[in-house]
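Heads up, the thing below is written out as structure tokens.
There are 2 protein chains.
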Amino acid sequence: MAASVKDVARHAGLSVGTVSNVLNRPDTVTDATRAKVMAAIDELGYVRNEAARQLRAGMSNCVGVIVLNSSNPFFNDVAAGAEAWGADANVSVLVGNSGEIVAREKAYLDLFEEQRVRGVLLSPVGQVTKRLQRMRRGGIAAVLVDRDVAGEFSSVSVDDRLGGRLAMQHLIDMGRRRIAFVGGPLSLGQVADRFAGAAEVAGEHSDVTLEFVATDRLTLAHGRVAGERLIARAATTRPDAVFAANDLLALGLLQAITTTRSLRVPDDIALIGYDDIDFAAGAAVPLSSIAQPRFELGRLAMDLLLKEAEDPSRAVERVVLQPFLVARASTGADAVTVA
Amino acid sequence: MAASVKDVARHAGLSVGTVSNVLNRPDTVTDATRAKVMAAIDELGYVRNEAARQLRAGMSNCVGVIVLNSSNPFFNDVAAGAEAWGADANVSVLVGNSGEIVAREKAYLDLFEEQRVRGVLLSPVGQVTKRLQRMRRGGIAAVLVDRDVAGEFSSVSVDDRLGGRLAMQHLIDMGRRRIAFVGGPLSLGQVADRFAGAAEVAGEHSDVTLEFVATDRLTLAHGRVAGERLIARAATTRPDAVFAANDLLALGLLQAITTTRSLRVPDDIALIGYDDIDFAAGAAVPLSSIAQPRFELGRLAMDLLLKEAEDPSRAVERVVLQPFLVARASTGADAVTVA
DNA sequence: GCGCCTGGATGAAACGTTTCATTCCACACT
DNA sequence: AGTGTGGAATGAAACGTTTCATCCAGGCGC
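So the sequences go chain by chain: A and B. Final position of the first sequence in numbering that gives the first Met the number 0 is 338; the numbers increase by one with none missing. Final position of the second sequence in numbering that gives the first Met the number 0 is 338; the numbers increase by one with none missing.
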């Protein structure tokens with residue numbers, strides 16, 4: 000059906016080797032033949048068969064990316080960063096969404112392995128160390144994104160403990176003392192580290208209390224539920240500030256709080272999130288947040304991955320980026336307060 | 000490096016044909032040999048080479064999806080619908096983001112064609128008719144999503160004119176008369192159709208005025224800018240309701256309006272968006288919106304695509320889904336859903 | 001006991017590239 | 001004129017599957 004290099008060769012009155020040379024080493028071929036081949040390609044609508052090319056090369060020019068939750072704009076930007084950098088190196092990016100589900104993570108790893116991708120970029124959810132080691136032995140590199148596994152693999156992450164510290168310190172600076180951390184599960188490294196950072200700072204202030212409010216996942220809906228739980232409390236036991244493990248949770252909390260109209264943000268309760276997604280600035284009470292260089296995160300991870308794929312004996316490298324505070328109205332940082 | 004079917008065969012003391020049979024037609028093989036092969040596979044860590052498989056089969060088991068803007072949660076859900084349905088049929092989905100840029104659309108089409116995907120699902124941005132026809136001749140099916148091109152191809156879309164009518168009618172029902180449509184560019188079919196629907200309804204009410212407020216793109220930031228323009232107007236010329244072409248715009252508008260605190264939503268100005276993304280319900284003033292069955296949209300499109308890939312002579316089919324109103328606080332309604 | 005049948009295993013061919021050792025040819029140099 | 005020389009084209013091999021015609025060993029009916 001589709002024209003092959005053989006058809007092109009016949010049509011141009013040349014050999015397949017020559018056609019291949021035109022395609023891959025145009026300088027080794029005479030201008031006249033190049034023109035003839037190009038004409039034949041055009042005429043037949045030839046499109047090279049990537050599968051055959053890959054089979055011959057023994058490796059594809061793709062890398063796989065597995066994100067934790069594609070409905071979180073944060074991961075979108077990380078993937079975009081990786082893709083942009085990959086495009087420069089002429090590798091395509093396949094994006095899979097594990098949804099924090101171990102089985103889906105495994106399914107994508109299977110897929111990528113069958114495709115013989117150059118490497119895999121992922122924020123692991125299951126116990127993948129052994130699997131990744133096996134894949135590495137098979138020539139597939141791996142770089143961890145936004146999470147770190149015992150120095151076995153290269154990784155690019157953001158210092159979540161520091162982020163937790165920044166958020167907590169900010170709330171304290173704004174005069175809050177009874178603080179709740181909302182998030183979960185703690186099995187997610189990000190959540191654990193952010194909480195740990197917050198706890199550290201809390202420990203440095205004798206008049207500050209830090210409470211852990213667990214959620215099952217980090218979504219808008221879960222944030223709403225957690226918000227309703229907080230609202231239902233008596234004023235005396237209610238926190239005067241909330242540090243949410245990410246912005247989706249924080250925005251859910253915000254919605255629960257503002258719709259009931261029983262509390263005001265930030266007057267009655269301050270709120271800070273994490274990730275600084277675009278919707279954070281756009282919320283009706285602009286949300287304070289801990290920003291991460293997410294595009295950069297993806298870009299650096301891809302860079303490390305390509306280097307490692309190039310030279311598998313390369314030493315493991317662990318890059319840690321710095322988060323930073325973006326203070327907005329939801330913590331009273333602006334003069335603006337909205338009922 | 001990686002073990003091949005040949006290695007497995009040797010290791011199991013059988014032939015490659017038999018190994019292949021174990022993998023692809025397990026019933027034609029005796030229990031004992033199956034066990035032997037499985038053991039060998041396990042021991043060698045064999046993973047089948049998808050490229051070779053594809054080469055032999057002449058076609059991959061992937062389909063490509065090209066979305067207009069991956070930072071709009073709407074497209075995420077469309078893609079998720081397509082992916083879910085594809086998974087049932089054992090096809091993987093490659094997602095590309097054109098960002099409404101013709102060159103990137105072309106780049107993804109090239110990639111997909113080289114990969115010999117079964118078909119392509121896309122919301123076209125450039126003039127792709129001829130290209131898609133050529134690809135179809137080469138055995139690659141195409142289905143258009145959320146946009147329709149002159150009956151040449153199958154498509155799944157949502158009736159944007161009706162959606163525009165619904166939004167407009169709702170605003171009128173809520174007592175609004177001076178209405179502004181915010182959106183653009185009109186070269187986007189969705190924007191044009193939604194505005195056309197709104198204009199139709201406006202024409203049916205002699206006391207209603209409809210104004211067009213142009214934006215360059217459909218993003219949060221552009222919504223914020225448009226909002227500031229509206230706020231700056233004198234009360235007498237200011238609209239009492241805004242219909243935004245999508246939710247990103249609407250949320251941007253909302254933020255501009257609420258932070259200046261000069262106007263209240265919905266009392267001074269009602270606001271309705273389009274798409275009903277998750278952040279709409281989660282906004283501090285829950286946003287009324289026109290919902291589209293986006294997951295279904297992706298699902299149906301994938302279904303059509305797979306059918307067409309199966310039987311290329313299949314008649315073109317054009318599915319049009321119905322949007323529906325989700326009324327929330329931003330138009331002064333309680334959370335009511337109307338079909 | 002002989003031929004036939006059948007379930008199961010076999011091995012070669014083919015898919016479309018790329019690579020590389022080889023061949024070919026024209027031209028310059030001796 | 002003969003001999004190198006080097007640039008350009010060639011064609012076969014190989015990549016890892018799947019498929020399919022073939023082959024083989026037993027079991028069965030006669």
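C-beta atoms are modelled at their ideal positions from N, C-alpha and C, and glycine is treated no differently.
Quick one, are the C-beta atoms of residue 1/A and residue 118/A less than 8 Å apart?
Indexing the first sequence from 1 puts residue 1/A at position 2. Indexing the first sequence from 1 puts residue 118/A at position 119. Taking 8 Å as the Cβ cut-off, residue 1/A and residue 118/A do not qualify as a contacting pair.
Out of 300/B, 318/B and 327/B, state which residue places its alpha-carbon closest to the alpha-carbon of residue 362/B. Any answer about residue 362/B is impossible in this case: the structure gives chain B only from 0 up to 338.
**Message:** Can you pull the chain A neighbours of residue 94/B, defined as C-beta to C-beta under 8 Å?
**Reply:** What you label residue 94/B is simply residue 95 of the second sequence in a count that begins at 1. Correct list: 94.
Inset, instruction - Give every residue of the same chain whose Cβ lies closer than 8 Å to the Cβ of residue 146/B, excluding the five residues on either side of it in the sequence, and list them in chain order. - result: Here residue 146/B refers to the residue found at position 147 when the second sequence is read from its first residue. Only 122, 123, 154, 156, 188 and 189 meet the Cβ criterion.
Original post:
Nearest CA to the CA of residue 305/A: which residue from 320/A, 59/A, 13/A and 217/A?
Top reply: Position 306 of the first sequence, counting from 1, holds the residue named residue 305/A. Checking every option, the nearest Cα to that of residue 305/A belongs to 59/A.
Quick check: the Cα distance between residue 61/B and residue 30/B, rounded to an integer number of angstroms?
As a first step, residue 61/B must be located in the second sequence, where it is residue number 62. As a first step, residue 30/B must be located in the second sequence, where it is residue number 31. Near 32 Å, if we compare the C-alpha coordinates of residue 30/B and residue 61/B.
Point to revise | Euclidean distance between Cα positions of residue 82/B and residue 298/B | key: Taking the first residue of the second sequence as 1, we reach residue 82/B at position 83. Taking the first residue of the second sequence as 1, we reach residue 298/B at position 299. In a straight line, the C-alpha of residue 82/B is about 8 Å away from that of residue 298/B.
> What's the C-alpha gap between residue 69/B and residue 19/A?
Replying inline: Mapped onto the second sequence, residue 69/B falls at position 70. Mapped onto the first sequence, residue 19/A falls at position 20. Near 36 Å, if we compare the C-alpha coordinates of residue 19/A and residue 69/B.
Is residue 250/A helix, strand or coil when you go by DSSP? Along the first sequence, read from residue 1 onward, the residue named residue 250/A stands at position 251. Correct three-state label for residue 250/A: helix.
(message) Would you say residue 335/B lies against chain A (beta-carbon separation less than 8 Å)?
(response) Walking along the second sequence from the start, residue 335/B turns up at place 336. At residue 335/B the pLDDT is 48, less than 50, meaning the model places this residue with poor confidence; the figure from the coordinates comes in the next sentence. Closer than 8 Å: no.
Exercise. Could you tell me if residue 260/A is buried or exposed, where buried requires 16 or more neighbouring beta carbons within 10 angstroms of its beta carbon?
Key: What you label residue 260/A is simply residue 261 of the first sequence in a count that begins at 1. That one is exposed.
Identify the residues that DSSP records as bridge partners of residue 181/B: which are they?
-> As a first step, residue 181/B must be located in the second sequence, where it is residue number 182. Paired residue(s): 212/B and 243/B.
Subject >> For residue 73/A, the nearest candidate out of 269/A, 316/A and 244/A (CA to CA) >> reply: For the purposes of this step, residue 73/A is taken as the residue at position 74 of the first sequence. The candidate whose alpha carbon is nearest that of residue 73/A is 244/A.
| request: For residue 288/A, collect the residues of the same chain with a Cβ closer than 7 Å to its Cβ; drop the 5 residues on either side in sequence, then sort them by chain order. | output: Within the first sequence, numbered from 1, the residue matching residue 288/A stands at position 289. So the list reads 246, 271, 272, 273, 274, 275, 279 and 325, once near-sequence residues are dropped.
* **Where the alpha helix (DSSP H) through residue 143/A begins and ends** => Here residue 143/A is taken as the residue at index 144 of the first sequence, counted from 1. It is not in any alpha helix (DSSP H) - residue 143/A instead sits in the beta strand (DSSP E) that spans 140-144.
Distance CB(residue 339/B)-CB(residue 196/B) smaller than 8 Å: Nothing about residue 339/B can be reported from this structure: the residues present for chain B run from 0 to 338 only.
Q.
I'd like the list of long-range same chain contacts for residue 204/A, defined as Cβ closer than 7 Å, with 5 residues on each side in sequence excluded.
A. Taking the first sequence and counting its residues from 1, the one referred to as residue 204/A is at position 205. Excluding sequence neighbours, residue 204/A sits near 171.
Cβ of residue 1/B within 8 Å of any chain A Cβ: Here residue 1/B refers to the residue found at position 2 when the second sequence is read from its first residue. So yes, residue 1/B belongs to the interface.
Quiz prompt | Cβ neighbours of residue 91/A in the same chain (closer than 6 Å, five flanking residues each side left out) | solution = Along the first sequence, read from residue 1 onward, the residue named residue 91/A stands at position 92. Taken in chain order, the residues that qualify are 61.
Can you check DSSP and say which residues form a bridge with residue 63/A?
Position 64 of the first sequence holds residue 63/A. BP columns for residue 63/A point to 93/A and 119/A.
Kindly indicate the opening and closing residues of the beta strand (DSSP E) around residue 289/A. Counted from its first residue, the first sequence places residue 289/A at position 290. 287-290 is the extent of the beta strand (DSSP E) around residue 289/A.
- Query: With a CB to CB cut of under 7 Å and the five nearest residues on each side skipped, what residues in its chain are close to residue 148/B?
  - Reply: By 1-based counting over the second sequence, the position of residue 148/B is 149. 123 and 128.
>> Taking CB distances under 8 Å as the criterion, tell me whether residue 69/B reaches chain A.
In response: Here the question's residue 69/B lines up with position 70 in the second sequence. Judged by the 8 Å Cβ criterion, residue 69/B is in contact with chain A.
Check your understanding: Mapping DSSP to helix, strand and coil, what is residue 274/B?
Key -> By one-based count along the second sequence, residue 274/B stands at place 275. Of the three classes helix, strand and coil, the one that applies to residue 274/B here is strand, per DSSP.
ask   = Within 8 Å (strictly less), CB to CB, does residue 132/B reach chain A?
value = Position 133 of the second sequence, counting from 1, holds the residue named residue 132/B. With 8 Å as the cut-off, residue 132/B does not count as an interface residue toward chain A.
(message) Give me, in chain order, the residues of the same chain whose beta-carbon lies closer than 6 Å to that of residue 103/A; leave out the 5 immediate sequence neighbours on both sides.
(response) Numbered from 1 along the first sequence, position 104 holds the residue referred to as residue 103/A. Only 97 meet the Cβ criterion.
**Asked** Nearest chain B C-beta to residue 72/A closer than 8 Å, yes or no?
**Response** In the first sequence, residue 72/A corresponds to position 73, counting from 1. Interface residue, yes.
Going by DSSP, what residues sit across from residue 323/A in a beta bridge?
Position 324 of the first sequence, counting from 1, holds the residue named residue 323/A. Residue 323/A pairs with 290/A.
- Excluding sequence positions up to five away, which residues of its chain have a Cβ less than 6 Å from the Cβ of residue 339/B? For chain B, the structure presents residues 0 to 338; residue 339/B sits outside this window and is missing.
Q) Nearest to residue 264/B by alpha carbon, out of 319/B, 332/B and 152/B? A) Here residue 264/B is taken as the residue at index 265 of the second sequence, counted from 1. Selected option, being the one with the closest Cα: 332/B.
Between residue 115/A and chain B, is there a C-beta pair that is closer than 8 Å?
Along the first sequence, read from residue 1 onward, the residue named residue 115/A stands at position 116. It does; some Cβ of chain B falls within 8 Å.
Check your understanding: Are there 16 or more other CB atoms within 10 angstroms of the CB of residue 212/A, so buried, or fewer, so exposed?
Key -> As a first step, residue 212/A must be located in the first sequence, where it is residue number 213. It counts as buried.
**Item:** Where residue 210/A falls, given that 16 or more other Cβ within 10 Å makes a residue buried
**Value:** If you number the first sequence from 1, residue 210/A lands on position 211. Under this definition residue 210/A is an exposed residue.
Among 330/A, 199/A and 315/A, which residue has its Cα nearest to the Cα of residue 141/A?
-> One-based indexing of the first sequence puts residue 141/A at position 142. Checked all of 330/A, 199/A and 315/A; the closest Cα to residue 141/A is 315/A.
Is the Cβ of residue 257/A closer than 8 Å to any Cβ of chain B?
What you label residue 257/A is simply residue 258 of the first sequence in a count that begins at 1. Yes, residue 257/A counts as interfacial toward chain B.
Beta-carbon proximity check, residue 256/A vs residue 226/A, cutoff 8 Å
Along the first sequence, read from residue 1 onward, the residue named residue 256/A stands at position 257. Along the first sequence, read from residue 1 onward, the residue named residue 226/A stands at position 227. Their beta carbons are under 8 Å apart, which means residue 256/A touches residue 226/A by this criterion.
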